[in-house]
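Novice:
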Amino acid sequence: NRDSAMALSVRAMTRGKIMIGAVLLLGCCEADWRASLQRAVSIHQGGDLAGSAEHYAEALRLNPELRRSWPVLTNYALSIQKSAPAEAVVNFREVLALEPGADAYFNLGNALVDAGEPLEAEAALKACLSLNPSDAEAYYTLASARMQQRGGVEVTSTAVEAVRTAIALGPADGKAWVSL
Numbered sequence: 001n002r003d004s005a006m007a008l009s010v011r012a013m014t015r016g017k018i019m020i021g022a023v024l025l026l027g028c029c030e031a032d033w034r035a036s037l038q039r040a041v042s043i044h045q046g047g048d049l050a051g052s053a054e055h056y057a058e059a060l061r062l063n064p065e066l067r068r069s070w071p072v073l074t075n076y077a078l079s080i081q082k083s084a085p086a087e088a089v090v091n092f093r094e095v096l097a098l099e100p101g102a103d104a105y106f107n108l109g110n111a112l113v114d115a116g117e118p119l120e121a122e123a124a125l126k127a128c129l130s131l132n133p134s135d136a137e138a139y140y141t142l143a144s145a146r147m148q149q150r151g152g153v154e155v156t157s158t159a160v161e162a163v164r165t166a167i168a169l170g171p172a173d174g175k176a177w178v179s180l
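Per the UniProt record's numbering, residue 1 is the first one in the sequence shown, and the count goes up by one each step.
1) Where S69 and N107 are concerned, what is the direct C-alpha to C-alpha distance, given to the nearest angstrom?
2) Roughly how many whole angstroms lie between the Cα atoms of Q149 and R61?
3) Kindly indicate the opening and closing residues of the alpha helix (DSSP H) around E137.
4) Just the Cα atoms here: how many angstroms apart are L119 and V41?
5) Going by CA-CA distance only, name the one from Y56, A59 and D114 that's closest to S83.
6) A121 and L112: beta carbons closer than 8 Å?
7) Between V160, R67, S79 and L73, which lies nearest to D48 when the distance is taken from Cα to Cα?
8) Name the residue from N75, D135 and E117 whose alpha carbon lies nearest to the alpha carbon of M147.
9) By the 10 Å Cβ neighbour count, where 16 or more other Cβ atoms means buried, how is R15 classified, buried or exposed?
10) Please confirm whether A53 and Y76 have their CB atoms less than 8 Å apart.
11) From L125, Q38 and A88, pick the residue whose C-alpha is nearest to that of D103; which is it?
12) Taking its Cβ as the centre, do 16 or more other Cβ atoms sit within 10 Å of P100, making it buried, or is it exposed?
13) Are the CB atoms of Y139 and A123 nearer to each other than 8 Å?
14) Here's the rule I'm using: 16 or more other beta-carbon atoms within 10 Å means buried, otherwise exposed. How should V90 be labelled?
15) Between the alpha carbons of R34 and K17, how many angstroms are there, rounded?
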C-alpha cells in the first residue's frame with residue numbers, strides 16, 4: 001500500500017540509497033510529479049545540488065504528500081539553502097517535526113546561520129551536539145553562529161573554544177584550522 005511504500009522509501013533514502021528511495025516513492029502517488037523527482041535526484045547525484053532545487057520544488061508542488069518524506073524535504077532544503085536560506089529554514093523545521101535527530105538539528109542550525117539568525121542557530125546546534133557530541137562540523141558551525149552574534153570578548157572566546165573542539169574532533173578539516 002501507499003504508506004508502506006512511503007516508509008520503505010524513507011528507509012532507503014536514510015541509508016544513502018537515494019535512487020532506490022526515489023523509485024519506491026514513484027509508486028506511492030500520481031505519475032505527473034515523478035519526472036520532476038527523477039530529474040531532481042539525477043541532478044543532485046550528479047553533484048549540482050542547487051540545480052536540483054527547481055525540480056524538487058516542482059515535485060513537492062505537484063505532490064504535497066512528498067512533504068511527509070523527510071529525505072525529500074531535506075534534499076530540497078539543502079538545494080535552496082544558499083539562495084533562499086529563510087525558505088530552507090522553514091523546510092528544515094518541517095523535517096525536524098517529522099524526524100527529530102542530530103542531522104535535522106544540524107541542518108536547521110546551519111541554515112539559520114546562513115539566514116543570519118545566530119541565536120536560534122546556536123540553540124539548534126546545541127541540540128545537535130547533545131545528541132551527537134562528537135560532530136566536528138556542528139562545533140565549527142556553532143563557532144560561526146557565535147561570531148555572528150558579535151557579543152564581545154565572551155562570545156568570541158566561546159567561538160574560539162568551539163573551533164578548537166572542532167579541530168580536536170576533526171584535525172584533518174582545514175577550514176576549522178583556517179578559522180582559528
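The beta-carbon is built from N, C-alpha and C at its ideal position, and this holds for glycine as well.
Specialist: The structure says:
1) One-based indexing of the sequence shown puts residue 69 at position 69. One-based indexing of the sequence shown puts residue 107 at position 107. About 16 Å.
2) The sequence position of residue 149 within the sequence shown is 149, counting from 1. The sequence position of residue 61 within the sequence shown is 61, counting from 1. Taking the Cα positions, Q149 is about 36 Å away from R61.
3) Locating residue 137 in the sequence shown gives position 137, where the first residue counts as 1. Boundaries of the alpha helix (DSSP H) around E137: A136 to Q149.
4) Residue mapping note: residue 119 aligns to position 119 of the sequence shown, counting from 1. Residue mapping note: residue 41 aligns to position 41 of the sequence shown, counting from 1. Those two C-alpha atoms are separated by around 33 Å.
5) For this step, residue 83 is matched to residue 83 along the sequence shown. Nearest of Y56, A59 and D114 to S83, Cα basis: D114.
6) Working through the sequence shown from its first residue, we reach residue 121 at position 121. Working through the sequence shown from its first residue, we reach residue 112 at position 112. Contact: yes.
7) Within the sequence shown, numbered from 1, the residue matching residue 48 stands at position 48. For D48, the nearest C-alpha among the options comes from S79.
8) Working through the sequence shown from its first residue, we reach residue 147 at position 147. Minimum Cα distance to M147 is reached at E117.
9) Locating residue 15 in the sequence shown gives position 15, counting from the first residue. When all chains shown are included, R15 counts as exposed.
10) Locating residue 53 in the sequence shown gives position 53, where the first residue counts as 1. Locating residue 76 in the sequence shown gives position 76, where the first residue counts as 1. For A53 and Y76, yes; Cβs fall inside 8 Å.
11) To locate residue 103, count along the sequence shown from 1; it is residue 103. With distances taken between Cα atoms, D103 lies closest to L125.
12) As a position in the sequence shown, residue 100 is number 100, starting the count at 1. Per the 10 Å Cβ criterion, exposed.
13) On the sequence shown, position 139 is the one that residue 139 refers to. On the sequence shown, position 123 is the one that residue 123 refers to. No. Outside cutoff.
14) As a working mapping, residue 90 is identified with position 90 in the sequence shown. V90 comes out exposed.
15) Reading the sequence shown from its first residue, position 34 is the one you call residue 34. Reading the sequence shown from its first residue, position 17 is the one you call residue 17. The C-alpha of K17 is placed about 17 Å away from the C-alpha of R34.
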